[in-house]
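If you read the protein sequences in the order shown, they are chains A and B. So the numbering used here is basically just the index in the first sequence, starting at one, shifted up by 56. So the numbering used here is basically just the index in the second sequence, starting at one, shifted up by 23. Idealized CB from N, CA, C, for every residue including glycine. Have a look at the structure below, then the notes.
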Amino acid sequence: MHEFRRQKMLLVGALALAGGLVSLQAAAADAAGPADNISGKLLLTGGVSQIEGSAGGGLTPWAVIGSYGTQGQFGANAFYTRVNVQDYHLDDAGAIVGIDNRVEFSVAQQRFDTEDVGAALGLGRGFTFRQNVIGVKVRLIGDAVLDQDSWVPQVAAGAQYKSNNQGTILHAIGAKSDHGTDYYISATKLVLSQSLLLNATLRLTKANQIGILGFGGDKHNSYQAEFEGSAAYLLSRNLAIGAEYRQKPNNLGIAKEEDWYDAFVAWAPTKHVSLTVAYANLGNVVIKDNQHGLYASVQVGF
Amino acid sequence: MYKTPPCILLFAVGLLAGATASAQTTMQPAGSGASGDAYPAAPRDPALKPVFEQFGGKPGLVALMNDFMDNLMADPVTRPFFQNADREHIKAELVDQFCVILDGPCTYTGKDMASVHRGMDVNRADFNALVEDLQKAMSKHDIPFRAQNKLLAKLAPMHRQIITKP
């Protein structure tokens, strides 16, 4: 019952956020006079919301600045993501503000439900790790979309501060901290002549399972550089398919961690809504091997 | 230990910025950046000849430009730039420009992009709105999406001459 209420609160929160964003958009339009001073980016060029809330693909951040606000504009969006694998599920909600196509600020909350594994580990059935993430990203150079006569990508640097609510359990499994900050640099290029979007991200992190299992561990407790890559093929103005890879550290002796993969379809019928559906392979998660399943995400905003 | 990573990151940023700077100097020998000569107004590319056929040749481009201009006039973002202009002339110049880019049997006799757009205060959102209006027109004419993108890839770099307002 308690857990159900939490889920409901999360959903209500996400909906309230979405409602707020829609009125924010109306306010922005009013302030600017005609409604044409918002959402000046091309469809899907703000990316979608990745699992930690930054603009990107599903698993990895991209160098694009989130929202449809282009230079001289701002934009915002909210997202809700659900990942279902055999033995766990993740609920993930958050919001992002993009300013002047230069800076983005993001917040996200992840709730990782251990289902029956929680009972097996003596934590209780449905034991849930909750993690809050605050992100910032700055576009440094380049224009992923318009500079089609050059191979120079759009490059951005970002940070994601993460804080997990289960410090005691995390220490018990060997994690060294319940909070940490990831630093990353992303390069994104749209190769329009081939209808391809390519992204590479280098992340410095101590996070175990993106922080759900804490930061640092008995095997390693220092920052490690991890590679993340995405490739998307544009089928039409509002439809893209692609795949992603996210390399991960392996810091905990008792819980082997593996790299993540996904294959996705992203659809943006308008600039105010996008849907992303993916098949994700998360490998071993704590005591359960070969975790794979559905990833679904909805984003609303402008 | 904690202090090292940001330093590494800054170092990486520095490396990238350096690499980018050198890449830009080598890739744009004209070097003038903001000037109108940095990118030709109609860069002919023989590899795009098949795309010219996908656009329906010159008659296809003429028909496309009618719808494109209709879209520009219907769009509140782009209308102010075209409502007092000689739209028939602009359409004719665009037909020639696209025709040359796609290696069609045409000659572009119009001005360079910087001269025509000087003082118009085009910003990024205006530019993107025009791209969308063109995309809608191309889709209406059933031009394959990949062919659309091959043309757009040649037009996009002109943002450096056209967008004059930050």
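Chain B contact residues for residue i, given Cβ-Cβ distances below 9 Å
{"i": "Leu-291 of chain A", "result": "Phe-168"}
{"i": "Asp-203 of chain A", "result": "Ala-179, Pro-180, His-182 and Arg-183"}
Burial state of residue i (16 or more Cβ within 10 Å)
{"i": "Gln-171 of chain B", "result": "buried"}
{"i": "Trp-207 of chain A", "result": "exposed"}
{"i": "Leu-350 of chain A", "result": "exposed"}
{"i": "Ser-138 of chain B", "result": "exposed"}
{"i": "Tyr-289 of chain A", "result": "exposed"}
{"i": "Gly-180 of chain A", "result": "exposed"}
{"i": "Glu-108 of chain A", "result": "buried"}
{"i": "Asn-89 of chain B", "result": "exposed"}
{"i": "Met-156 of chain B", "result": "First, the residue type needs correcting, since residue 156 of chain B is Asp and not Met in the sequence shown. The residue in question, Asp-156 of chain B, is buried, as its Cβ has 16 or more Cβ neighbours within 10 Å."}
{"i": "Pro-305 of chain A", "result": "buried"}
{"i": "Lys-359 of chain A", "result": "No answer is possible for residue 359 of chain A: it lies beyond the span of chain A, which begins at 57 and ends at 358."}
{"i": "Ala-179 of chain B", "result": "buried"}
{"i": "Thr-97 of chain B", "result": "The sequence shown places Ala at residue 97 of chain B, rather than the Thr named in the question. Exposed: under 16 other Cβ atoms inside 10 Å."}
{"i": "Gly-309 of chain A", "result": "exposed"}
{"i": "Lys-312 of chain A", "result": "exposed"}
{"i": "Lys-173 of chain B", "result": "buried"}
{"i": "Phe-283 of chain A", "result": "exposed"}
{"i": "Gly-198 of chain A", "result": "buried"}
{"i": "Pro-167 of chain B", "result": "exposed"}
{"i": "Glu-116 of chain B", "result": "buried"}
{"i": "His-140 of chain B", "result": "buried"}
{"i": "Lys-72 of chain B", "result": "exposed"}
{"i": "Gly-214 of chain A", "result": "buried"}
{"i": "Ile-94 of chain A", "result": "buried"}
{"i": "Ile-76 of chain B", "result": "Before going on, a small fix: residue 76 of chain B reads as Glu here, not Ile. The residue in question, Glu-76 of chain B, is exposed, as its Cβ has fewer than 16 Cβ neighbours within 10 Å."}
{"i": "Gly-112 of chain A", "result": "buried"}
{"i": "Gly-142 of chain B", "result": "exposed"}
{"i": "Gly-154 of chain A", "result": "buried"}
{"i": "Thr-224 of chain A", "result": "exposed"}
Contacts of residue i in chain B (Cβ-Cβ under 7 Å)
{"i": "Ser-249 of chain A", "result": "Asn-172, Lys-173 and Ala-176"}
Per-residue contacts from residue i into chain A (C-beta, under 7 Å)
{"i": "Pro-63 of chain B", "result": "Those within 7 Å of Pro-63 of chain B in chain A number zero; the least Cβ separation is about 10 Å."}
{"i": "Asn-146 of chain B", "result": "Gln-127 and Gly-128"}
Under 9 Å from the C-beta of residue i: neighbouring residues of chain A
{"i": "Glu-155 of chain B", "result": "Leu-98, Leu-99 and Arg-293"}
Any non-hydrogen atom of the ligand GDP closer than 7 Å to residue i Cβ
{"i": "Gln-77 of chain B", "result": "The ligand GDP is absent from the structure shown, which contains no ligand whatsoever."}
Proximal residues of chain A, C-beta to C-beta of residue i below 8 Å
{"i": "Gln-158 of chain B", "result": "Arg-293"}
Worksheet item: Are there three or more Cβ pairs, one per stretch, closer than 8 Å when the stretch 58-76 of chain B is compared with the stretch 112-129 of chain B?
Response: Contact holds: three or more Cβ-Cβ distances are below 8 Å.
Worksheet item: Does the stretch 74-84 of chain B come close enough to the stretch 105-115 of chain B that 3 or more CB-CB pairs lie under 8 Å?
Response: Between the stretch 105-115 of chain B and the stretch 74-84 of chain B, the count of Cβ pairs shorter than 8 Å is below three; the stretches do not touch.
Worksheet item: If you pair each beta-carbon of the stretch 312-326 of chain A with each one of the stretch 293-301 of chain A, do three or more pairs fall below 8 Å?
Response: Look at the beta carbons and you see the stretch 312-326 of chain A touching the stretch 293-301 of chain A: at least three pairs across the two are nearer than 8 Å.
Practice prompt. Report the residues of the stretch 97-129 of chain A with a CB closer than 7 Å to any CB of chain B, ordered along the chain.
Written response: Against chain B - using a Cβ distance shorter than 7 Å - the residues of the stretch 97-129 of chain A are Lys-97, Leu-98, Thr-126, Gln-127, Gly-128 and Gln-129.
Worksheet item: Okay, do the stretch 97-104 of chain A and the stretch 284-296 of chain A touch, 3+ Cβ pairs below 8 Å being the bar?
Response: Remark: three or more beta-carbon pairs, one from each stretch, lie closer than 8 Å, so the stretch 97-104 of chain A and the stretch 284-296 of chain A are flagged as touching.
Item to complete: Any chance you could list the alpha helix (DSSP H) runs of at least 4 consecutive residues sitting entirely within the stretch 105-141 of chain A, in chain order?
Response: Counting only runs of at least 4 residues, the stretch 105-141 of chain A fully encloses no alpha helix (DSSP H) element at all.
Worksheet item: Counting only runs that start and end within the stretch 282-351 of chain A, where is the alpha helix (DSSP H) found for 4 or more residues in a row?
Response: For the stretch 282-351 of chain A, not a single whole alpha helix (DSSP H) run of length 4 or above is found.
Practice prompt. Identify every run of the alpha helix (DSSP H) within the stretch 111-151 of chain B, keeping only runs that are complete inside it and at least 4 residues long; order them along the chain.
Written response: Within the stretch 111-151 of chain B, the runs of alpha helix (DSSP H) at least 4 residues long that lie entirely inside it are, in chain order, 136-140.
Discussion item. With a threshold of 8 Å, are at least 3 pairs of Cβ atoms found where one atom belongs to the stretch 135-145 of chain A and the other to the stretch 272-288 of chain A?
Written reply: Contact between the stretch 135-145 of chain A and the stretch 272-288 of chain A is absent, because fewer than three Cβ pairs lie under 8 Å.
Worksheet item: Going along the chain, which residues of the stretch 68-82 of chain B sit with their C-beta nearer than 8 Å to a C-beta in chain A?
Response: Listed in sequence order: no entries.
Discussion item. Measuring CB atoms only, is the stretch 223-231 of chain A touching the stretch 145-157 of chain A, in the sense that at least three cross pairs come out at less than 8 Å?
Written reply: These segments do not touch.
Discussion item. For the pair the stretch 113-124 of chain A and the stretch 169-187 of chain B, tell me if three or more CB-CB distances fall below 8 Å.
Written reply: The stretch 113-124 of chain A is not in contact with the stretch 169-187 of chain B.
Worksheet entry | Every unbroken beta strand (DSSP E) within the stretch 206-275 of chain A, with a cutoff of 3 residues, ordered by chain | If we require 3 residues or more, the beta strand (DSSP E) runs fully inside the stretch 206-275 of chain A come out as 210-220, 235-247 and 252-261.
Discussion item. Short of 8 Å Cβ to Cβ, which residues in the stretch 117-131 of chain B face chain A?
Written reply: Result list empty, no residue passes.
Fill in: contact_flag[the stretch 233-253 of chain A, the stretch 131-145 of chain B] where n(CB pairs < 8 Å) is 3 or more
Not touching, per the Cβ criterion.
Worksheet item: Curious, which full-length beta strand (DSSP E) runs of at least 3 residues does the stretch 156-190 of chain A contain?
Response: As far as the stretch 156-190 of chain A is concerned, its whole beta strand (DSSP E) runs of at least 3 residues are 159-169.
Discussion item. Check whether the stretch 148-164 of chain B and the stretch 232-248 of chain A are in contact - that is, three or more C-beta pairs closer than 8 Å.
Written reply: The stretch 148-164 of chain B, when compared against the stretch 232-248 of chain A, does not touch it at the 8 Å Cβ threshold.
Fill in: Secondary structure, alpha helix (DSSP H): runs of 4+ residues fully inside the stretch 57-89 of chain B
Listed in chain order, the complete alpha helix (DSSP H) runs (minimum 4 residues) inside the stretch 57-89 of chain B are 72-77.
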